[in-house]
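Below: one structure, written as structure tokens.
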Amino acid sequence: MKMSSIPALHSSSPLTVASQVPFADLCLTLERIQTCKSRPDKTKYFKDFLDSWRKFHDALHKNEKDVTDSFYPAMRLILPQLERERMAYGIKETMLAKLYIELLNLPKDGKDALKLLHYRMPVGGDAGDFAMIAYFVLKSRCVKQGQLTIQQVNQLLDAISNNNAAKRKDLIKKSLLQLITQCSALEQKWLIRMILKDLKLGISQQTLFSIFHADAAELHSVTTDLEKVCRELHNPSVFLSDVSISLFSPFKPMLAAIANIQQIEKQMNKQSFYIETKLDGERMQLHKDGDVYKYFSRNGYDYTPQFGASPLEGSLTPFAHKAFKNNIQNCIVDGEMMAYSPITQTFMQKGNKFDIKRMVDDSELQTCFCVFDVLMVNDQKLGHEILSKRYEILNKILMPIAGQIQIVPKRQASTQKEVVDALNEAIDNREEGIVVKDPMSIYKPDKRGEGWLKIKPEYVNGLMDELDLLIVGGYWGKGLRGGMMSHFLCAVAETPLPGKKPSVFHSICRVGSGYTMKELYNLSLKLAKYWKPYCKRDPPYNILCGIEKPEVYIEPCNSVIVQIKAAEIVSSDMYKTDCTLRFPRIEKIREDKEWHECMTLDLLEQLRGKASGKLASKHFEMVDDEPQEKKRKTMQKVKKKIGLIDHFKAPDLSKVNKISSIFEDIEFCVMTGTGRYSKYELESKIAEYGGSIIQNPGLDTYCVVAGVENVRVKNIISSNKYDVVKAEWLLQCFQTKSFVPWRPAYMIHMSSETKQHFACKYDFYGDSYTVDTDMAQLKEVFSGINNFEEELSWDVLTDLETHYSWESSPFSMFRQHIIYLDLYDKVSNSDAKFSQTRLLTGALMLRFHGAKVVSQLEEGVSHVIIGNHDNLKKIKTTRKMFKRKFKILSYQWIRDSIDAGKLQDEKFYLL
Numbered sequence: 019m020k021m022s023s024i025p026a027l028h029s030s031s032p033l034t035v036a037s038q039v040p041f042a043d044l045c046l047t048l049e050r051i052q053t054c055k056s057r058p059d060k061t062k063y064f065k066d067f068l069d070s071w072r073k074f075h076d077a078l079h080k081n082e083k084d085v086t087d088s089f090y091p092a093m094r095l096i097l098p099q100l101e102r103e104r105m106a107y108g109i110k111e112t113m114l115a116k117l118y119i120e121l122l123n124l125p126k127d128g129k130d131a132l133k134l135l136h137y138r139m140p141v142g143g144d145a146g147d148f149a150m151i152a153y154f155v156l157k158s159r160c161v162k163q164g165q166l167t168i169q170q171v172n173q174l175l176d177a178i179s180n181n182n183a184a185k186r187k188d189l190i191k192k193s194l195l196q197l198i199t200q201c202s203a204l205e206q207k208w209l210i211r212m213i214l215k216d217l218k219l220g221i222s223q224q225t226l227f228s229i230f231h232a233d234a235a236e237l238h239s240v241t242t243d244l245e246k247v248c249r250e251l252h253n254p255s256v257f258l259s260d261v262s263i264s265l266f267s268p269f270k271p272m273l274a275a276i277a278n279i280q281q282i283e284k285q286m287n288k289q290s291f292y293i294e295t296k297l298d299g300e301r302m303q304l305h306k307d308g309d310v311y312k313y314f315s316r317n318g319y320d321y322t323p324q325f326g327a328s329p330l331e332g333s334l335t336p337f338a339h340k341a342f343k344n345n346i347q348n349c350i351v352d353g354e355m356m357a358y359s360p361i362t363q364t365f366m367q368k369g370n371k372f373d374i375k376r377m378v379d380d381s382e383l384q385t386c387f388c389v390f391d392v393l394m395v396n397d398q399k400l401g402h403e404i405l406s407k408r409y410e411i412l413n414k415i416l417m418p419i420a421g422q423i424q425i426v427p428k429r430q431a432s433t434q435k436e437v438v439d440a441l442n443e444a445i446d447n448r449e450e451g452i453v454v455k456d457p458m459s460i461y462k463p464d465k466r467g468e469g470w471l472k473i474k475p476e477y478v479n480g481l482m483d484e485l486d487l488l489i490v491g492g493y494w495g496k497g498l499r500g501g502m503m504s505h506f507l508c509a510v511a512e513t514p515l516p517g518k519k520p521s522v523f524h525s526i527c528r529v530g531s532g533y534t535m536k537e538l539y540n541l542s543l544k545l546a547k548y549w550k551p552y553c554k555r556d557p558p559y560n561i562l563c564g565i566e567k568p569e570v571y572i573e574p575c576n577s578v579i580v581q582i583k584a585a586e587i588v589s590s591d592m593y594k595t596d597c598t599l600r601f602p603r604i605e606k607i608r609e610d611k612e613w614h615e616c617m618t619l620d621l622l623e624q625l626r627g628k629a630s631g632k633l634a635s636k637h638f639e640m641v642d643d644e645p646q647e648k649k650r651k652t653m654q655k656v657k658k659k660i661g662l663i664d665h666f667k668a669p670d671l672s673k674v675n676k677i678s679s680i681f682e683d684i685e686f687c688v689m690t691g692t693g694r695y696s697k698y699e700l701e702s703k704i705a706e707y708g709g710s711i712i713q714n715p716g717l718d719t720y721c722v723v724a725g726v727e728n729v730r731v732k733n734i735i736s737s738n739k740y741d742v743v744k745a746e747w748l749l750q751c752f753q754t755k756s757f758v759p760w761r762p763a764y765m766i767h768m769s770s771e772t773k774q775h776f777a778c779k780y781d782f783y784g785d786s787y788t789v790d791t792d793m794a795q796l797k798e799v800f801s802g803i804n805n806f807e808e809e810l811s812w813d814v815l816t817d818l819e820t821h822y823s824w825e826s827s828p829f830s831m832f833r834q835h836i837i838y839l840d841l842y843d844k845v846s847n848s849d850a851k852f853s854q855t856r857l858l859t860g861a862l863m864l865r866f867h868g869a870k871v872v873s874q875l876e877e878g879v880s881h882v883i884i885g886n887h888d889n890l891k892k893i894k895t896t897r898k899m900f901k902r903k904f905k906i907l908s909y910q911w912i913r914d915s916i917d918a919g920k921l922q923d924e925k926f927y928l929l
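Following this line, the structure appears as structure tokens:
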């Protein structure tokens with residue numbers, strides 16, 4: 019923090035630290051945190067800023083009492099994702115892009131405007147990162163040093179949030195204009211990330227909390243109030259004696275982890291447990307103090323206005339007030355808010371078209387609060403009581419009212435069979451699943467598992483009906499998925515006539531999960547060359563969409579079928595089928611199916627009507643237990659131990675601490691190390707970053723890494739099955755703590771798929787068509803030019819020019835031509851020298867403008883350019899022997915075409 023930039027203090031002035039600290043200081047600190055590589059340095063930069071703030075705070079409020087000023091104004095900007103309710107701006111990247119274009123008066127079709135609007139397209143190294151792209155656009159157009167303080171930035175952001183709630187777009191624009199015109203490009207980069215609530219610092223929220231105060235994370239988990247955390251824990255030497263749930267302070271609820279149904283008895287410590295129905299509603303907590311009621315969602319949003327702040331208002335509180343016994347003055351209960359149909363006397367599933375938090379009075383449905391836990395009664399906090407005790411208390415304080423406020427029923431069980439029976443019963447009842455709870459568990463806010471487990475049919479293999487859908491559209495990714503398709507629009511086919519292939523496809527869902535980064539990368543490689551921009555005004559005739567439109571589309575015949583697993587089919591006007599899938603995820607790519615074998619509309623309707631849209635219709639079958647009688651013991655055969663050279667042994671990575679997930683689910687085979695890093699050291703670093711190691715490459719191996727090319731590496735290369743990558747690529751990933759995209763310079767050997775992918779993005783020498791290069795990369799390209807012996811296929815270049823619409827460029831005017839230059843030298847020495855110089859110059863100009871110039875007259879030549887007419891008769895005689903008759907033109911055709919910037923009519927130059 020720049021203390022010199024802070025004005026002199028006056029004891030009588032009611033100043034705050036935030037009103038004195040420039041916003042630029044915070045941005046500079048965030049920039050340092052993000053750009054430095056080591057975690058200790060990141061924490062040091064944050065701690066230095068925090069210590070400076072606290073020191074200045076103590077000086078500013080030295081003689082004051084009951085000070086409320088705290089680190090909160092800075093913390094809410096550093097952790098904006100925790101301030102969703104207070105900082106709801108309603109602003110996304112597209113709106114910011116349009117605003118910048120308008121305020122900076124950028125040409126709408128200009129390079130910078132298109133960069134902002136299409137920030138996710140892979141046209142640069144920062145694809146998917148809007149803030150970085152905006153930074154480079156703004157760098158030369160903004161003030162060098164911003165003038166706003168942290169307090170002023172917060173005030174403007176609060177104004178935007180308030181005007182967003184009031185739907186005053188004109189005032190939102192006014193506040194944004196103030197921020198944009200008074201901030202530097204660097205400040206705006208961080209401002210954008212704050213508005214989008216994703217700072218990309220490379221340091222976790224928990225780490226920042228731990229630096230701020232040892233109790234910060236725990237206090238936030240039970241209050242979800244960042245301001246309270248910063249205010250009450252401002253002094254790092256003062257500790258909270260009782261950090262616990264309190265009345266009218268929302269807390270993050272305890273959650274259930276996914277259970278392994280085969281291990282359920284072991285997970286419950288071989289003791290009896292409770293089984294409850296998993297309700298498909300909205301998690302809600304109710305706080306009561308006399309006649310005052312408040313309702314909070316799992317994210318801490320206040321929904322009291324909907325359900326009622328007193329017994330005289332709202333859709334629920336009048337009934338809840340009657341349900342609590344008279345001796346209950348205050349309490350906190352946890353449960354699920356459900357939609358109840360009094361006509362059918364059943365609960366409605368959340369997938370149906372209603373919003374439980376916004377149901378109107380004249381709806382046929384009514385809100386019903388299903389309570390399953392109690393955390394406080396009459397000032398007595400119960401979080402540390404065991405679950406069985408809390409259940410006893412819950413049944414004593416409530417008198418349920420059917421369809422309005424109910425206690426979730428439970429059954430006691432102790433075996434896996436009882437769990438299976440309960441799950442199958444939930445499937446038959448079209449319910450979401452079951453929850454298994456340990457009676458001895460205590461309530462731990464913001465913890466998952468800890469004695470609570472959930473089982474849903476989609477978590478169990480073989481219980482769900484899966485759909486084979488065709489990918490017809492795509493969406494560019496952000497963050498780690500920047501520069502590739504991260505989400506896909508899927509479709510079903512119109513039922514074709516017998517013996518015919520389908521020709522029209524109807525969109526049904528958008529899916530963006532279920533696959534690993536490796537699977538996504540491989541799928542992107544497979545489809546990369548087929549994507550086409552989707553034009554809403556002129557959409558493809560064979561792909562029918564609803565409201566949801568893709569950014570790019572793919573012709574069905576070039577696409578692949580993916581197997582989708584989902585919870586259920588629900589109504590939706592977003593897609594052409596008038597329905598969509600709830601919680602869809604990709605299970606696998608159906609390599610065994612052709613594009614035309616995807617699901618049809620008829621099959622979709624059958625599946626939709628089969629179980630009221632639920633895709634779980636099969637029962638879980640238990641495998642019979644093995645016979646209990648003792649089996650005859652047999653002597654174990656002693657196996658001969660065979661030793662392995664250390665180099666071939668799998669490394670012991672059990673003690674390696676994972677520090678990142680950038681290589682999550684990715685399998686590597688490290689063959690050799692480098693001069694500085696051994697094979698084991700590289701393998702250990704891969705494990706630290708979440709990757710897995712294998713000693714011999716297999717079907718799931720992402721790539722082979724080699725520091726030195728030895729016999730084993732050469733054998734891998736000769737198999738032509740794997741991508742072999744230089745160890746320098748791994749070191750670059752470790753240094754940047756990110757998944758660095760491959761470049762040709764990193765590759766020792768490329769598989770055919772990777773070669774195809776690179777051919778669309780790089781030229782023959784490894785220079786990118788789309789990304790600006792730097793000096794080091796340029797030297798890298800130049801150093802490799804002399805090492806290439808093959809020539810790049812002219813067909814590949816032609817395809818590239820067509821793909822990127824370069825065929826209209828004057829530098830491609832001769833691309834379709836194969837030209838032979840006749841260097842006739844049976845003239846005087848001076849004439850021959852002039853003729854050869856002229857035609858050699860012509861050869862260079864032809865190549866520069868796209869032609870393929872050959873050194874001898876051969877089949878396939880399209881044009882012959884001659885320098886001396888004495889040879890014309892001989893060339894015409896030779897032409898009669900060719901299948902393809904070439905044209906014979908004068909040298910002037912080359913000059914006139916290049917001067918005009920387009921091909922000239924050949925008939926005027928024919929010889």
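Note that the working numbering has the sequence shown beginning at 19, numbered continuously upward.
Backbone N, C-alpha and C fix where the C-beta goes; we use that ideal spot for every residue, glycine too.
Computed from a prediction, not measured in an experiment: that's the story for all the values here.
Item                                                                                                                                                                                           : Value
Can you tell me whether Arg600 is buried or exposed? The criterion is at least 16 other CB atoms within 10 Å of its CB, across all chains shown.                                               : buried
Per DSSP, what are the beta-bridge partners of Ile587 in this structure?                                                                                                                       : Leu599
Would you please state the rounded distance, in angstroms, between the beta carbons of Ala36 and Gln224? I believe it to be under 8 Å.                                                         : Not a contact, Cβ separation roughly 24 Å.
Which class does Trp760 belong to by DSSP, given the choice of helix, strand or coil?                                                                                                          : coil
Starting from the C-beta of Leu174, find all residues in its chain whose C-beta is less than 7 Å away, skip the five residues before and the five after it, and write them out in chain order. : Ser193, Gln196, Leu197
Tell me the rounded alpha-carbon separation between Ser915 and Met502.                                                                                                                         : 39 Å
For Val529, does the count of other Cβ atoms within 10 angstroms reach 16, so buried, or fall short, so exposed?                                                                               : buried
Grouping DSSP H, G and I as helix and E and B as strand, with all else coil, what is Lys925?                                                                                                   : helix
State buried or exposed for Glu746, treating a residue as buried only when at least 16 other CB atoms are found within 10 Å of its CB.                                                         : exposed
Can you tell me whether Pro551 is buried or exposed? The criterion is at least 16 other CB atoms within 10 Å of its CB, across all chains shown.                                               : exposed
With 16 as the cutoff for other CB atoms within 10 Å, does Asp596 come out buried or exposed?                                                                                                  : exposed
Which residues in the same chain as Lys207 place their Cβ atom closer than 6 Å to its Cβ, once the five residues preceding and following it in sequence are excluded?                          : Ala149, Tyr153
Among residues of its own chain, excluding the 5 on either side of Met139, which ones have a beta-carbon nearer than 7 Å to its beta-carbon?                                                   : Ala145, Trp494
Hey, out of Leu538, Ile579, Ser521, whose CA is closest to Asn560's CA?                                                                                                                        : Ser521
In the DSSP assignment, find the alpha helix (DSSP H) that holds Gln289 and state where it starts and stops.                                                                                   : Looking at the DSSP string, Gln289 is not in any alpha helix (DSSP H), and its letter there is neither H nor E.
Pick from Ser531, Phe41, Phe89, Ala235: whose alpha carbon is nearest that of Phe506?                                                                                                          : Ser531
Buried or exposed: Met793, going by 16 or more other Cβ atoms within 10 Å of its Cβ?                                                                                                           : exposed
Taking the DSSP output, what are the residues bridged to Pro551?                                                                                                                               : Val570
Pair every Cβ in the stretch 288-299 with every Cβ in the stretch 414-434, then say whether three or more of these pairs are closer than 8 Å.                                                  : yes
Relative to the C-alpha of His881, which residue among Asp130, Leu541, Pro418, Asp840 is closest?                                                                                              : Asp840
Looking at Phe64: is its Cβ nearer than 9 Å to the Cβ of Thr47?                                                                                                                                : yes
Would a C-beta distance cut-off of 9 Å place Glu484 and Thr618 closer than the cut-off?                                                                                                        : no
Is there a C-beta anywhere in chain D that falls below 9 Å from the one on Lys110?                                                                                                             : As a matter of chain content, chain D is missing from the structure shown, which is built from one protein chain.
If you draw a straight line from the C-alpha of Asn805 to the C-alpha of Ala763, how long is it?                                                                                               : Residue confidence is low: Asn805 scores 46 on pLDDT, short of 50, so the model does not pin down where it sits. Its coordinate-derived value is still stated next. Taking the straight line from one Cα to the other gives about 13 Å.
For the beta strand (DSSP E) holding Gly353, just list the boundary residues, first then last.                                                                                                 : 348-359
Short of 6 Å in beta carbon distance, which residues of its chain neighbour Ser432, apart from the five on each side in sequence? Order them along the chain.                                  : Ser290
Return helix, strand or coil for Arg159, following the three-state DSSP convention.                                                                                                            : coil
Taking Thr538 as the reference, which of Ile572, Tyr571, Phe523, Gly492 has the closest Cα?                                                                                                    : Correcting the residue identity first, residue 538 is Leu in this sequence and not Thr. With distances taken between Cα atoms, Leu538 lies closest to Gly492.
Within the stretch 866-902, note down every full beta strand (DSSP E) run reaching 3 residues or more, in order along the chain.                                                               : 870-872, 881-884
In whole angstroms, what separates the C-alpha of Gln713 from that of Ala584?                                                                                                                  : 36 Å
Does the stretch 729-737 touch the stretch 704-711, meaning 3 or more C-beta pairs lie closer than 8 Å?                                                                                        : no
Throw me the rounded Cβ distance for the Glu685 and Gly691 pair, which I believe falls under 8 Å.                                                                                              : Their Cβ separation, rounded to whole angstroms, is 18 Å, which puts Glu685 and Gly691 out of contact at 8 Å.
Less than 9 Å separating the beta-carbons of Asp307 and Asn348?                                                                                                                                : yes
Pull up the distance between the alpha-carbon of Lys20 and that of Val758, whole angstroms please.                                                                                             : Residue placement at Lys20 is poorly supported in this model, since its pLDDT is 49, which falls under 50; the coordinates still yield a value, given next. If you take the alpha carbons of Lys20 and Val758, they lie about 35 Å apart.
From Ser590, Glu476, Leu471, pick the residue whose C-alpha is nearest to that of Ser525; which is it?                                                                                         : Ser590
If you count every other CB in all the chains shown that lies within 10 Å of the CB of Glu410, and 16 or more means buried, which is it?                                                       : exposed
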